[in-house]
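Residue numbers (the working numbering): 197 to 505.
Here the structure is laid out as structure tokens; the discussion comes afterwards.
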């Protein structure tokens with residue numbers, strides 16, 4: 197049935213000023229906007245989308261509480277992704293169906309175009325010179341979209357780039373060096389690692405100062421990360437790390453990563469399995485890390501490596 201036309205005075209645009217005390221977990225829409233949907237034939241949908249300046253879509257839930265409309269489910273991830281702070285200015289334009297276009301402006305008055313993988317403007321740094329051994333990474337996990345059927349008990353290393361980094365159907369990348377996985381025939385992944393989440397193995401080297409996450413991997417899974425995130429070890433302890441975005445497309449764990457290696461007594465040829473814990477919008481602020489020891493006896497004698505600071 198065709199909905200009756202709205203009153204000509206209907207207004208589909210409004211603004212909000214972000215205040216963390218009230219807006220970090222949910223966002224209340226202006227009462228004057230919400231009151232337009234109090235009639236029998238007008239209502240807002242329970243499921244809606246936010247479209248940012250990069251045309252990226254965020255799925256959110258709308259609820260009505262004591263007469264006020266609230267953006268609830270999904271809003272926290274949206275606010276975290278854009279690192280919204282007190283005083284940020286947001287303009288919403290409702291399309292009359294289920295989508296809100298959102299423009300964001302900082303306290304300096306400039307429009308915030310931030311940071312999807314397609315248009316990332318935050319912290320681009322000049323790449324540091326590295327030795328080849330610091331670039332070793334092997335994709336072992338992929339979601340259902342990768343087309344690669346994985347056996348968690350025995351994952352064979354893939355050394356030929358012609359087959360792609362994620363199996364025959366995955367994209368190939370000449371800028372990613374595939375690890376030899378410490379000479380192993382295969383890597384046994386602990387059974388506690390979920391099978392259908394993005395993850396990869398990285399070899400620990402003697403000069404491990406940071407961890408590079410290839411652009412191919414991030415784009416394959418459309419993963420969004422903030423400037424600061426946490427690594428969670430097998431005991432559940434969280435380790436804060438800084439994130440930089442290199443001009444070559446790598447997402448890099450910098451400050452805090454070498455400390456993680458030292459305190460967990462990682463030695464050369466140990467391997468870390470990085471499992472990305474994704475929230476709504478493929479937003480990730482925690483990476484689960486499990487360690488595959490090259491030689492467990494090394495750690496019984498307290499032998500650790502020196503990592504370059």
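The beta-carbon is built from N, C-alpha and C at its ideal position, and this holds for glycine as well.
Same chain, Cβ closer than 6 Å to residue i, five either side skipped, listed in chain order
{"i": "residue 214", "result": "280, 284"}
{"i": "residue 268", "result": "222, 257, 259"}
{"i": "residue 209", "result": "289"}
{"i": "residue 299", "result": "287"}
{"i": "residue 292", "result": "none"}
{"i": "residue 477", "result": "254, 273"}
Inter-residue CB distance, residue i and residue j (contact presumed, cutoff 8 Å)
{"i": "residue 447", "j": "residue 414", "result": "6 Å"}
{"i": "residue 483", "j": "residue 427", "result": "5 Å"}
{"i": "residue 453", "j": "residue 406", "result": "5 Å"}
{"i": "residue 294", "j": "residue 261", "result": "With 8 Å as the limit, residue 294 and residue 261 do not qualify as a contact, their Cβ atoms being about 19 Å apart."}
{"i": "residue 461", "j": "residue 439", "result": "Not confirmed; about 24 Å, so no contact."}
{"i": "residue 282", "j": "residue 216", "result": "6 Å"}
{"i": "residue 417", "j": "residue 394", "result": "4 Å"}
Same chain, Cβ closer than 7 Å to residue i, neighbours up to 5 away in sequence not counted
{"i": "residue 475", "result": "273"}
{"i": "residue 508", "result": "The first residue shown for the chain is 197 and the last is 505, placing residue 508 beyond what the model contains."}
{"i": "residue 240", "result": "233, 258, 265"}
{"i": "residue 303", "result": "283, 284"}
{"i": "residue 230", "result": "264, 265"}
As assigned by DSSP and simplified to three states, the class of residue i
{"i": "residue 436", "result": "strand"}
{"i": "residue 395", "result": "strand"}
{"i": "residue 425", "result": "strand"}
{"i": "residue 143", "result": "Limits of the chain in this structure are 197 at one end and 505 at the other, which puts residue 143 out of reach."}
{"i": "residue 490", "result": "coil"}
{"i": "residue 416", "result": "helix"}
{"i": "residue 206", "result": "coil"}
{"i": "residue 355", "result": "Since pLDDT at residue 355 reaches only 34, below the 50 mark, its modelled position is unreliable, and the value read off the structure follows with that caveat. It is coil, neither helix nor strand."}
Own chain, CB closer than 8 Å to residue i, minus 5 neighbours either side, in chain order
{"i": "residue 430", "result": "485, 486, 487"}
{"i": "residue 480", "result": "419, 420, 421, 425, 472, 473, 474"}
{"i": "residue 490", "result": "378, 463, 464, 465, 466, 467"}
{"i": "residue 245", "result": "253, 254, 255, 256, 294, 295, 296"}
{"i": "residue 432", "result": "none"}
{"i": "residue 276", "result": "422, 479, 481"}
{"i": "residue 206", "result": "232"}
Residue i - containing alpha helix (DSSP H), residue span
{"i": "residue 272", "result": "271 to 277"}
{"i": "residue 230", "result": "227 to 230"}
Limits of the unbroken beta strand (DSSP E) element including residue i
{"i": "residue 408", "result": "407 to 409"}
{"i": "residue 447", "result": "447 to 449"}
Completely contained beta strand (DSSP E) runs for the stretch 455 to 481, where each covers 3 or more residues = 467 to 473
Starting from the N-terminal side, write out each stretch of the alpha helix (DSSP H) that is 4 residues or longer and does not extend beyond the stretch 240 to 300.
-> Entirely contained in the stretch 240 to 300, the alpha helix (DSSP H) runs reaching 4 residues are, in chain order, 271 to 277.
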